[in-house]
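My numbering runs 835 ahead of the 1-based position in the sequence shown.
As structure tokens, the structure follows; a few thoughts come after it.
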Amino acid sequence: MTFDDTPEEAAFRTELRAWLDANAPKDLEAELRQSTFGMFALKSVDPMTASKDWQRTKFDAGWACLHWPKAYGGRAATPIQRVIWQEEEGPYATLSGLFSIGHNMCGPTLMAWADDTQKSARLPALAKGEEIWCQLFSEPAGGSDLAGLRTSAEKDHDGWRINGQKVWTSRAHHSDYGLLLARTDPTVAKHKGLTMFFLDMRSAGVEIRPIKQANGGATFNEVYFTDVHIPDSQRLGGVGQGWQVSMTTLMNERMSMGSKMSIGFAELFDFCRDLDLDGRPALDDRAVRSRLASFAVRASGLKYTALRAISAISKGQNPGPENSIGKLVGASAMQELAMYALDLQGQAGILEDPALAPLAARFQTMLLRTPATRIEGGTDEILRNIIAERVLGLPSELRVDKNVPFNAIPTRPAGDN
Ligand SMILES: Cc1cc2nc3c(=O)[nH]c(=O)nc-3n(C[C@H](O)[C@H](O)[C@H](O)COP(=O)(O)OP(=O)(O)OC[C@H]3O[C@@H](n4cnc5c(N)ncnc54)[C@H](O)[C@@H]3O)c2cc1C
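Right under this line is the structure:
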């Protein structure tokens, strides 16, 4: 396998470099370069406006949602062209975070399951950055065991009445729409009684409560539904087909997370290059070099595993469960790397104020975000189960409630601790 650009890829890279050079918001570049995993360091302008402006600029020039069909506002680019875009967009990619759930998960789900009227109404608005979408899947009783969710959708003349609660809903507080998985039939087995909808987040009866995080941010929320009405035209897939629809979303989620996971090696290397340890450059220290080598090996393993997956997709294969490897290895490597950077900072490692801490608390913020990375989109244990069962073919874990009607699964009575 060669990793050099083909002549067509080189031409694509040249074209997009020229476009970025002429159109990227360079006045924000220095600030965006300060952003790190878990911290969006834009202070001089409103981050929402800057993100929407950049998305609109890309859309108008045909550089939005590269992997989407042109009919919906994308570019119909190849998976390799998408990788080239990600390599070249650099710090400006931070401005796309607001749209990542919509573009990488909700949009592809709509493409696969919505009717033509819904697709043409919603997808171009998503590509332009006019709409922000969130994923309303997880609940207190339905996280890893997503099919255990309890939010109900009951038939209500021309539509559905929703009651229940979601949790950990990233960016719900900014969202216009959410992809909602709800239980429409509690009398059948848990995977079979689910239906998918998309919900206008400004509907009456929707209450959004932000959750304050350890790193000071508040990017996710609890979302409560009290008699929320959803028209039947906003159902995706058949009644009872929600599990299959959710698989489209989750497959795209793991693909998008695993394929571009950076563990922060370049940032750590830069930090070590400027660091003095006991009066000598840190890079001369054998122990430092050994740890750097260990991170470098994992960073390249992840890079080439992601490229292998992308190469398989470009040959027409579907993203498979092996994409779980990138997220599993990357998230824990990132956590270990951030911890090591703090060790190297000595006592300053405990500072968390960006005005006082080395490198504006870059690694501190990263360390505080990494536990969430090991949970979101599938915890380490769930990813290991997927790899064991679906990649290695090991026996599957016992799922005793799999074929039991949902309302017959024993639960602990309320208040019984
Ligand atoms: C940063 C972040 C953003 C998120 N954004 C969203 C979002 O936008 N929308 C959304 O719907 N959800 C979102 N989530 C929720 C996320 O999908 C869930 O947190 C995740 O699926 C785990 O579910 P849980 O938190 O209920 O943990 P649980 O499922 O209760 O798990 C608790 C522990 O038990 C372990 N465990 C559970 N089952 C098994 C098993 N079968 N075998 C072995 N171990 C097991 C888990 O690994 C974990 O350690 C987000 C989460 C985070 C951290």
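Note that the Cβ used here is the ideal one computed from N, Cα and C, for glycine as well.
Please go through the same chain and pick out, in chain order, the residues whose beta-carbon is closer than 6 Å to the beta-carbon of residue i, but skip the five residues on each side of it.
i	result
A1166	T1208 and R1209
L961	G937 and G942
E1187	A1196 and Q1199
A1183	P1193
G977	G983 and L984
V1074	T1019 and T1030
G1013	C969, L971, L1034 and M1036
L1103	L1172 and A1176
Q1069	F1032 and F1033
E1157	V1226
Q953	none
A896	none
H1009	I967
I1098	A1134, G1165, A1168, M1169 and L1172
S1081	L1016
Residues in the same chain with beta-carbon distance under 7 Å from residue i, minus the five sequence neighbours each way, listed in chain order, please.
i	result
W889	P860, Y927 and L930
L901	G909, R910, A912, Q916, R917 and W920
R852	E923
T1140	I1160 and G1161
Q1079	G1072
G994	H1064, I1065, P1066 and D1067
L1229	A1223
E1232	N1220
D1236	K1025 and I1244
W903	G909, G942 and A962
I1145	P914, I915, V918 and S1094
K887	G964
D1120	L1112
D1062	R996, N998 and G1040
The beta strand (DSSP E) spanning residue i covers which residue range?
i	result
R1253	In the structure as shown, the chain begins at 836 and stops at 1252. Residue 1253 is therefore absent and cannot be evaluated.
Can you tell me where the alpha helix (DSSP H) with residue i in it begins and where it stops?
i	result
P882	P882 to D895
G942	G942 to W948
L855	P842 to N858
I1148	R1121 to S1149
F1100	F1100 to R1108
Q953	D951 to K963
M1036	No alpha helix (DSSP H) contains M1036, which DSSP labels as neither H nor E.
F1198	R1197 to T1208
Any beta carbon from chain C within less than 7 Å of residue i's own beta carbon?
i	result
V1063	In the displayed structure, chain C is absent; only one protein chain is listed.
Cutting at 8 Å between CB atoms, please list the residues of its own chain near residue i, excluding the five before and the five after it.
i	result
N1238	A1024
Q866	It is Glu, not Gln, that sits at residue 866 in the sequence shown. For E866, where only same-chain residues beyond five positions count, the Cβ hits under 8 Å are A876, L877, K878 and S879.
V1123	C1107, L1112, A1117 and L1179
A885	P860, L863, L877 and L930
P959	Y907 and G908
D991	H1064
M1096	L1137, A1141, G1161, K1162, G1165, A1166 and M1169
So if DSSP puts residue i in a beta bridge, which residue, or which two residues, is it bridged to?
i	result
S1163	Here residue 1163 is Leu; the residue named in the question, Ser, does not match the sequence. Per DSSP, none; premise fails for L1163.
I1222	Answer is none; I1222 lacks a bridge partner.
A988	I997
C969	G1013
T1030	A1017
D862	None, per the DSSP bridge assignment.
P1240	A1024
T1004	N1056
L1112	R1115
G977	E974
Can you confirm whether the region 1117 to 1132 touches the region 1146 to 1153 when touching is taken to mean that 3 or more C-beta pairs between the two stretches lie within less than 8 Å? no
Touch test, the region 1053 to 1071 against the region 1033 to 1041, Cβ-Cβ under 8 Å, three pairs minimum: yes
Report yes or no: do the region 993 to 1013 and the region 1218 to 1233 share at least 3 C-beta pairs separated by less than 8 Å? no
Quick check: the region 1015 to 1029 against the region 974 to 988, are there 3 or more CB pairs under 8 Å? yes
Any contact of the region 1096 to 1107 with the region 1168 to 1182, i.e. 3+ C-beta pairs under 8 Å? yes
If you scan the region 1042 to 1080 from start to end, which runs of the beta strand (DSSP E) of 3 or more residues do you find wholly inside it? 1055 to 1066
Could you tell me which uninterrupted alpha helix (DSSP H) segments, each at least 4 residues in length, are contained entirely in the region 892 to 939, listed from first to last along the chain? 914 to 924
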